[in-house]
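In the UniProt record's numbering, the protein residues as written are 1 to 443.
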């Protein structure tokens, strides 16, 4: 185990006494902290143990402690004590504590540049220096985390579909990739009835954008599909005054995929990787989709709209069908702030994973614990649940008949139905509706 004395001041006088006194007061339940030297420094303790459904890094607590305990100042330093296996998750957790977006007037008047230096103090058996390649990976990952956070923190009057496309173009330029963009009436002409139907009422038109990384020697093709609803009023099935605030974050799936794509390609990913962004604003207006309307989606299947506030699945259905038909993907992962029920099913800190492949389900859970972005499985059973979408006049409705029958699973199944439940590839759905708000709960 870690001996806190390893970080203690070398002096045996007053500083050493203060250090030991601070350590003796720490009683993590689950965390604790103690200020030192008139708040010039703070020593903080993470949980002494975590449960099997948590990350060994206790990543959520790292973010919370840093945001609450880090002293002010222009030049600040964080010393993170952990095992080598926890470095990646700890770095991402630290990145989340420093969001890039703010419109506070005091921040705009500030001229000095703030710097935070992070040092990792490795303990345990494998405690040698961190390799340069690992440091580059940490830099790429934390940059991606902060990019995604900035996008979801930015309000729709500054992050509409036009602005989101500019973010995609910037990433593409940085990576030497020109995005494919299908927009506005072209979506309708080419059969993207889901994306077009959701976004046609907004001032800024909807779009499908794709960034493609196709290295020589690739052996498989992976597509990541992100829900990019830049604002969700609910459409004509309008949200209430307490549930609409915060819907600037309904583009969280697309934002996360943009950040992840940038980080992954920078690390020299060796297979074909496509990032598919389904962008729209679910607005209210004369052209808005109505309940009872029927849309033909890119899969060719027809959908009777019975809830315009179940819009994310419509745009993702077009996205996964495009990934299957046009990109020839072997593996399709879609990510979305899809259902409020996700927070009930798996909680505020664990995203929900739904997949047709048991090994990928296990891999996602393991990856979540390794990186601190926790996920937990949903029931995958289309033969029992897909009947919730039965329609008398179309292939399916877009919202379930019984909201008490695993609605988060059903919402994911709606997406999967547009590539087919007998599709031989791997399909993974990640619902991050609650976790996308998680950092704001730590403030």
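We put the CB at the ideal spot given by N, CA and C, even for glycine.
Predicted model, so just to flag it, every value in this text is computed and none were measured.
- Under DSSP, the beta-bridge partners assigned to residue 354 are 429.
- As the crow flies, the alpha-carbon of residue 412 is around 16 angstroms from that of residue 278.
- In the structure shown, the three-state DSSP call for residue 247 is helix.
- Segment contact: the segment 366-378 against the segment 283-294, fewer than three CB-CB distances shorter than 8 angstroms; contact not assigned.
- For residue 140, there is no enclosing beta strand (DSSP E); the residue is found in the alpha helix (DSSP H) stretching over 132-153.
- If you draw a 10 Å sphere on the C-beta of residue 401, you find fewer than 16 other C-beta atoms in it, and that means exposed.
- Judged by DSSP secondary structure, residue 161 falls within the alpha helix (DSSP H) whose first and last residues are 161-175.
- Taking 8 angstroms as the cut-off, the Cβ atoms of residue 431 and residue 336 count as close.
- In this model, residue 311 and residue 50 are separated by some 37 angstroms (Cα to Cα).
- A contact is defined here as three or more CB-CB pairs under 8 angstroms, and the segment 191-206 meets this definition with respect to the segment 303-323.
- DSSP places residue 424 outside both helix and strand once states are collapsed to three, so it counts as coil.
- Residue 267 and residue 190 have their C-alpha atoms some 34 angstroms from each other.
- In this model, residue 227 and residue 358 are separated by some 24 angstroms (Cα to Cα).
- Here DSSP, grouped into helix, strand and coil, assigns residue 67 to helix.
- Looking at the backbone, the Cα of residue 339 and that of residue 433 are separated by about 6 angstroms.
- In the three-state reduction of the DSSP assignment, residue 78 falls in the strand class.
- Residue 429 and residue 96 have their C-alpha atoms some 23 angstroms from each other.
- DSSP lists 304 as the beta-bridge partner residues of residue 397.
- The three-state reading of DSSP puts residue 293 in coil, since its state is none of H, G, I, E or B.
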